[in-house]
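Number of protein chains: 4
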Amino acid sequence: MSGVNKVILIGHLGKDPEVRHLDGNVSVASFPLATSESYNKDGKRIEQTEWHNIVMWRGLADVAAKYLQKGKLVYIEGKLRTRSFEDKEGHKKYSTEIVAENFTLLGRKTDFEPNNNSASSSTAAEPSAEANKNLGTGEFGKDEDERDLPF
Amino acid sequence: MSGVNKVILIGHLGKDPEVRHLDGNVSVASFPLATSESYNKDGKRIEQTEWHNIVMWRGLADVAAKYLQKGKLVYIEGKLRTRSFEDKEGHKKYSTEIVAENFTLLGRKTDFEPNNNSASSSTAAEPSAEANKNLGTGEFGKDEDERDLPF
Amino acid sequence: MSGVNKVILIGHLGKDPEVRHLDGNVSVASFPLATSESYNKDGKRIEQTEWHNIVMWRGLADVAAKYLQKGKLVYIEGKLRTRSFEDKEGHKKYSTEIVAENFTLLGRKTDFEPNNNSASSSTAAEPSAEANKNLGTGEFGKDEDERDLPF
Amino acid sequence: MSGVNKVILIGHLGKDPEVRHLDGNVSVASFPLATSESYNKDGKRIEQTEWHNIVMWRGLADVAAKYLQKGKLVYIEGKLRTRSFEDKEGHKKYSTEIVAENFTLLGRKTDFEPNNNSASSSTAAEPSAEANKNLGTGEFGKDEDERDLPF
DNA sequence: TTTT
DNA sequence: TTTT
Numbered sequence: 001m002s003g004v005n006k007v008i009l010i011g012h013l014g015k016d017p018e019v020r021h022l023d024g025n026v027s028v029a030s031f032p033l034a035t036s037e038s039y040n041k042d043g044k045r046i047e048q049t050e051w052h053n054i055v056m057w058r059g060l061a062d063v064a065a066k067y068l069q070k071g072k073l074v075y076i077e078g079k080l081r082t083r084s085f086e087d088k089e090g091h092k093k094y095s096t097e098i099v100a101e102n103f104t105l106l107g108r109k110t111d112f113e114p115n116n117n118s119a120s121s122s123t124a125a126e127p128s129a130e131a132n133k134n135l136g137t138g139e140f141g142k143d144e145d146e147r148d149l150p151f
Numbered sequence: 001m002s003g004v005n006k007v008i009l010i011g012h013l014g015k016d017p018e019v020r021h022l023d024g025n026v027s028v029a030s031f032p033l034a035t036s037e038s039y040n041k042d043g044k045r046i047e048q049t050e051w052h053n054i055v056m057w058r059g060l061a062d063v064a065a066k067y068l069q070k071g072k073l074v075y076i077e078g079k080l081r082t083r084s085f086e087d088k089e090g091h092k093k094y095s096t097e098i099v100a101e102n103f104t105l106l107g108r109k110t111d112f113e114p115n116n117n118s119a120s121s122s123t124a125a126e127p128s129a130e131a132n133k134n135l136g137t138g139e140f141g142k143d144e145d146e147r148d149l150p151f
Numbered sequence: 001m002s003g004v005n006k007v008i009l010i011g012h013l014g015k016d017p018e019v020r021h022l023d024g025n026v027s028v029a030s031f032p033l034a035t036s037e038s039y040n041k042d043g044k045r046i047e048q049t050e051w052h053n054i055v056m057w058r059g060l061a062d063v064a065a066k067y068l069q070k071g072k073l074v075y076i077e078g079k080l081r082t083r084s085f086e087d088k089e090g091h092k093k094y095s096t097e098i099v100a101e102n103f104t105l106l107g108r109k110t111d112f113e114p115n116n117n118s119a120s121s122s123t124a125a126e127p128s129a130e131a132n133k134n135l136g137t138g139e140f141g142k143d144e145d146e147r148d149l150p151f
Numbered sequence: 001m002s003g004v005n006k007v008i009l010i011g012h013l014g015k016d017p018e019v020r021h022l023d024g025n026v027s028v029a030s031f032p033l034a035t036s037e038s039y040n041k042d043g044k045r046i047e048q049t050e051w052h053n054i055v056m057w058r059g060l061a062d063v064a065a066k067y068l069q070k071g072k073l074v075y076i077e078g079k080l081r082t083r084s085f086e087d088k089e090g091h092k093k094y095s096t097e098i099v100a101e102n103f104t105l106l107g108r109k110t111d112f113e114p115n116n117n118s119a120s121s122s123t124a125a126e127p128s129a130e131a132n133k134n135l136g137t138g139e140f141g142k143d144e145d146e147r148d149l150p151f
């Protein structure tokens, strides 16, 4: 018997993805994602931010390492998983993570450049009055194919 | 700035909802929900169950108290919220909950009876070879209206 | 540039799936699905039914042919696709379909039997006061593996 | 009995919203939305665009008229509805629409300015190397409150 | 054309 | 702690 366990988030990365390599060359990327909600209370605009622990595996982790960076806006689809572990003092703790199944970059075209040339990319952007047309999305993780030029 | 924080679950209640009443007569219902996923590993069928802490507020909590019970199958839509608290020993802990925004009962018609007559409902059901036709869904929480006869 | 195009439905099949086999042995299954919404208007309970054209391809079509039948309750995840075509009189028409990516059977265990023994299944059910415990879900389409015993 | 009928889209507006006012001062906004999907076929990058007819009612239509414009990137949540009608020649036709329940603007902060000053906004943007920080989202339609300054 |  |  099976069920449904689905999470859909749109938010900004709080940090660059941290990538580890496990046995058998398996990649795991993880990073915090902030989703913000704003509402009115007593006439004031309140903004409430929720932080999520995102985890990506294998091919998806590799694309994340390449295209995701602190501050970027991203759509993530995944599932909830709660792990239990003991901290250094031996106390049992729980951590709930979102295991991502695919993601889509949201934002301007210039946000979709790979990370390695991050120094130059900030100057390469050259945004102009035309930048408005460059809004778009880059989708990852639906297929398992290698995609070096995903958009 | 706002984002998207959405969870969609289909699973079974692990316990009856526990309902508390806060100041100002605000109801809060909470219960664990199991979503199961099964997959093949080395030719064996593995079933993995994930447990979620569901929280419902106000009107939704009242309907939950009335219609949800341990074992029932339910569709839940909500958002993630992580609270931090200190346990009895003063250690900081985190708890991630799904704050439900609406739910839909899935299952047979006889599952949609209110909870108070649970003793009689088990006999009132009179399931037969025709029971197959009684599968259906009962939806809650989309409107804020009082719904004493929601289906 | 990519985007998000996602549909989530829970409803009943209006007919048995119709399966065709295209060139290269590609299977396509299609069937109508009803999702019902009920609300109060002027003190009366109104039920509004929406019909969706569901299409499933390849492996998913084969599992659909095996496990889905008129009347069954199912969770479907997919994407929207609008096709244009000319009817017999040469008038241009549009048809919007949901191309399913995975589905999960909702209902009692006895609903999860393959279709070929449909005659016997109606008597094999033997529902009792215990039948309540038999609610569950059977998930399909997440992996591309052959699954002859999917639950 | 009720079910689930949910659509989640992220895409660009193909035109400015067209707003009509029905009897009783009810607003209806409608516009086409493009969601694009790209995949590799025979080593070539194929981009396939799907067009959706979006409809928004009442308060949501008013916010749409104010903040949505041709080209903007938006997250939309809603439900499917298929209407039948007769064209001028008396032929029966079907139109499937997404009735939006809420939406969130995605893109740069400068995209979140109201529509009336569209001429100046293109110059007011003054994007810079810092523009990267201005990515964000503005959410609408969750509450029914008036929101003149929604972010 | 489903389901209640 | 559910369900199969």
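Protein chains in written order, with this note's numbering: chain V, 1 to 151; chain C, 1 to 151; chain S, 1 to 151; chain W, 1 to 151.
Think of the CB as a built atom: it goes at the ideal place given N, C-alpha and C, for glycine as much as any other residue.
Bear in mind the structure is a predicted one, so any value in this text is a computation, not a measurement.
Residue environment, residue i, which counts as buried when at least 16 other CB atoms sit within 10 Å
i, result
"N5 of chain S", "buried"
"I76 of chain W", "buried"
"L22 of chain W", "exposed"
"K44 of chain C", "exposed"
"H91 of chain C", "exposed"
"I10 of chain V", "buried"
"L105 of chain V", "buried"
"Q69 of chain S", "buried"
"K15 of chain V", "exposed"
"K66 of chain W", "buried"
"S38 of chain C", "buried"
"E139 of chain W", "buried"
"V26 of chain V", "exposed"
"G107 of chain W", "buried"
"S36 of chain W", "buried"
Residue span of the alpha helix (DSSP H) that contains residue i, given as start and end
i, result
"V63 of chain W", "58–67"
Start-to-end residues for the beta strand (DSSP E) that takes in residue i
i, result
"P17 of chain W", "Here P17 of chain W belongs to no beta strand (DSSP E), and DSSP marks it neither H nor E."
"H91 of chain W", "Careful: H91 of chain W lies outside any beta strand (DSSP E) and carries neither H nor E."
"N5 of chain V", "4–13"
"P32 of chain W", "27–41"
"E86 of chain S", "73–86"
Cβ-Cβ separation, residue j to residue i (assumed contact under 8 Å), whole Å
i, j, result
"L73 of chain C", "V7 of chain C", "With a Cβ gap of about 17 Å, L73 of chain C and V7 of chain C do not count as contacting."
"G141 of chain C", "L60 of chain C", "5 Å"
"G3 of chain V", "T137 of chain S", "5 Å"
"I54 of chain V", "A100 of chain V", "6 Å"
"A64 of chain W", "P17 of chain W", "5 Å"
"W57 of chain V", "T82 of chain C", "That belief does not hold up - the Cβ atoms of W57 of chain V and T82 of chain C are roughly 22 Å apart, past 8 Å."
"T163 of chain V", "T96 of chain C", "Since the first residue shown for chain V is 1 and the last is 151, residue 163 of chain V is missing from the structure and cannot be characterised."
"K154 of chain V", "K93 of chain C", "Past the edges of chain V, shown from 1 to 151, lies residue 154 of chain V, and the structure says nothing about it."
The ligand FAD heavy atom lying under 7 Å from the CB of residue i
i, result
"Q48 of chain V", "This structure lacks the ligand FAD, and indeed carries no ligand of any kind."
For this session: Determine, using beta-carbon pairs with one atom in the stretch 23–37 of chain W and one in the stretch 79–90 of chain W, whether at least three such pairs fall under 8 Å.
Result: no
Exercise. What residues in the stretch 2–15 of chain S bring their beta carbon closer than 9 Å to a beta carbon of chain V?
Worked result: S2, G3, V4, K6, I8
Problem set entry | Interfacial residues, the stretch 70–98 of chain S to chain C, with Cβ spacing under 9 Å | G71, K72, L73, Y75
For this session: For the stretch 22–56 of chain V, enumerate the residues whose C-beta is nearer than 8 Å to any C-beta of chain C, in chain order.
Result: A34, T35, S36, E37, S38, E47, E50, W51, H52
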